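There are 2 protein chains.
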Amino acid sequence: MTRAESGRVRFPAAERREQILAVAADAFAVAGFHGTSIAEVAAKVGVSQPGLLHHFPSKDALILALLQQRDLQDEQALAAEFAGVDASTREWLVAHCRRNETQPGLVRLFTVQSAESLDPAHPAHEFFRERNRRVRGHIVRLIERDQETGRLPASLDPADTAAELVSLMNGLQLQWLRDPSVDMCGIFETSMRRLEKR
Amino acid sequence: MTRAESGRVRFPAAERREQILAVAADAFAVAGFHGTSIAEVAAKVGVSQPGLLHHFPSKDALILALLQQRDLQDEQALAAEFAGVDASTREWLVAHCRRNETQPGLVRLFTVQSAESLDPAHPAHEFFRERNRRVRGHIVRLIERDQETGRLPASLDPADTAAELVSLMNGLQLQWLRDPSVDMCGIFETSMRRLEKR
DNA sequence: GTCTATAAATCGATAGAC
DNA sequence: GTCTATCGATTTATAGAC
């Protein structure tokens, strides 16, 4: 294995990018950013390491593109599912959870990277800061609307409750990844119904 | 900087070990296992890299010793605080939280390593599996005792509730590390009081 | 679009002197 | 208990050919 044919199996750039992102998603989800080498990703894709860097200029650019793409995809998929539906906070979050239950790889990617990115030197540090801000803001609005319609008690502090719900969801994901027998969404829904009771 | 004096500033083994563990705790908490090099830890301690490896035979041994020591220390400190006290689940867990609030470095170490150790190849994979099992088991017993004394509703499922409380605590830690303005323990206590009602 | 070749740095770990 | 020296493997990234 050295030369013979070289530059074999060419793909359109867009397609090759998707292949790389798919393999990188698994790798970063399992071993984290520093535990994954782009050479290892390239090998699994079936391309040389410089071949990979032709599509993504650096390792930092790769993981950032990966997280942004997957986050956007997931957000849009769920938004489409709830287009025009007047869902309660519980319905919306439980649906999100059920969706997560079908894609453990994606959950693991974001759980691992979320913790790793606490480091200001991590390439996705700002990405996760902003993402967290956005998610909490969204939930705050859901809660406030539920309070107006009486679906949630007015006594709840929207900001604190949003922080609690995000925390519970993130923590349950970690528990579930470590032990899949944990009823992630069942426990979350039980907790949300307790919130609804006066 | 080369030779001149060499082997300077000797320390008793026990003391040097503690110095190494202290520096390693910060490093692994910030950059994770793969993001930290033992040479970097050694330099901050003021010892050569082989000098460090004299006290811990490998990088794996270092982080494992670190996690076990810190976990044991923390567990004993809190156990001493509650010696002979008949604390409720809420009191016990909130006290744990308040203690955590005073040591963000330790919280960060365990939060980051907990996620990173989802990888079966991580040196602390089994450590965190076992630790999680133990912690949840302990909380299950606290809940069952509170149910017997009527401090918690008998309708709660102890195992699911323990998983929920551990998840909420872990998730809040992540939120708090990312944004220290989050009222980690206040939110946790509010959630626990909601559990007690009804 | 993909490769080979290689640079330049860093990694964990060992050997052996003091 | 600590060091220097060094091995061997691995890392990200670039240069340049096809």
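Residue numbers (the UniProt record's numbering), protein chains in the order written: chain A, 1 to 198; chain B, 1 to 198.
Where is the CB? At the ideal position from N, CA and C, for every residue including glycine.
In this text the structure is predicted, and so the values were computed from the model without any measurement.
Within 8 Å, strictly: CB atoms of residue i and residue j
i: B:Leu66; j: B:Ala14; result: no
i: A:Val182; j: A:Arg136; result: no
i: B:Arg134; j: B:Leu106; result: no
i: A:Thr111; j: A:Leu174; result: yes
i: A:Ala27; j: A:Val41; result: yes
i: B:Arg194; j: A:Arg194; result: yes
i: A:Ala115; j: B:Ala115; result: yes
i: B:Ser58; j: B:Arg151; result: no
Burial state of residue i, where buried means 16 or more other Cβ atoms lie within 10 Å
i: A:Phe56; result: buried
i: A:Thr149; result: exposed
i: B:Leu72; result: exposed
i: A:Thr102; result: exposed
i: A:Ser155; result: exposed
i: B:Pro123; result: buried
i: A:Asp146; result: buried
i: A:Thr2; result: Bear in mind that a pLDDT of 36 at A:Thr2, under 50, signals an unreliable position, so the number given afterwards is only what the model happens to contain. Under this definition A:Thr2 is an exposed residue.
i: A:Arg10; result: exposed
i: B:Phe128; result: buried
i: B:Gln68; result: exposed
i: A:Arg8; result: exposed
i: B:Arg16; result: buried
i: A:Asp119; result: buried
i: B:Pro12; result: exposed
i: A:Gln76; result: exposed
Spatially closest choice to residue i from the options, by CA coordinates
i: A:Ser117; options: B:Gln19, B:Glu18, B:Asp26, B:Val30; result: B:Val30
i: A:Ile143; options: A:Phe11, A:Glu196, A:Pro120; result: A:Glu196
i: B:Leu78; options: B:His122, B:Leu62, B:Ala95; result: B:Ala95
i: B:Asn170; options: B:Phe28, B:Ala80, B:Leu109; result: B:Leu109
i: B:Asn132; options: A:Ser114, A:Ala121, A:Pro104, A:Leu172; result: A:Leu172
i: B:Arg98; options: B:Ala43, B:Leu52, B:Trp176; result: B:Trp176
i: A:Ala22; options: A:Leu93, A:Arg10, A:Leu52; result: A:Leu52
i: A:Asp157; options: B:Glu18, B:Gly186, B:Asp157; result: B:Gly186
Residue i beta carbon near the ligand SAM (any heavy atom closer than 7 Å)
i: B:Pro153; result: Absent from the structure shown: the ligand SAM. Ligands present: none.
inquiry  = Closer than 8 Å is the cut-off here; do at least three beta carbon pairs connect the region 30-50 of chain B with the region 25-36 of chain A?
reply    = Three or more Cβ pairs closer than 8 Å define a contact, and the region 30-50 of chain B meets that threshold against the region 25-36 of chain A.
Inter-stretch contact (C-beta, 8 Å, three-pair minimum) for the region 151-162 of chain B and the region 125-143 of chain B = At 8 Å Cβ cutoff, the stretches touch.
Given 8 Å, three or more beta-carbon pairs between the region 43-63 of chain B and the region 41-50 of chain A = Cβ pair count under 8 Å is below three, so no.
message = Measuring CB atoms only, is the region 189-197 of chain B touching the region 169-181 of chain A, in the sense that at least three cross pairs come out at less than 8 Å?
response = No, they do not touch.
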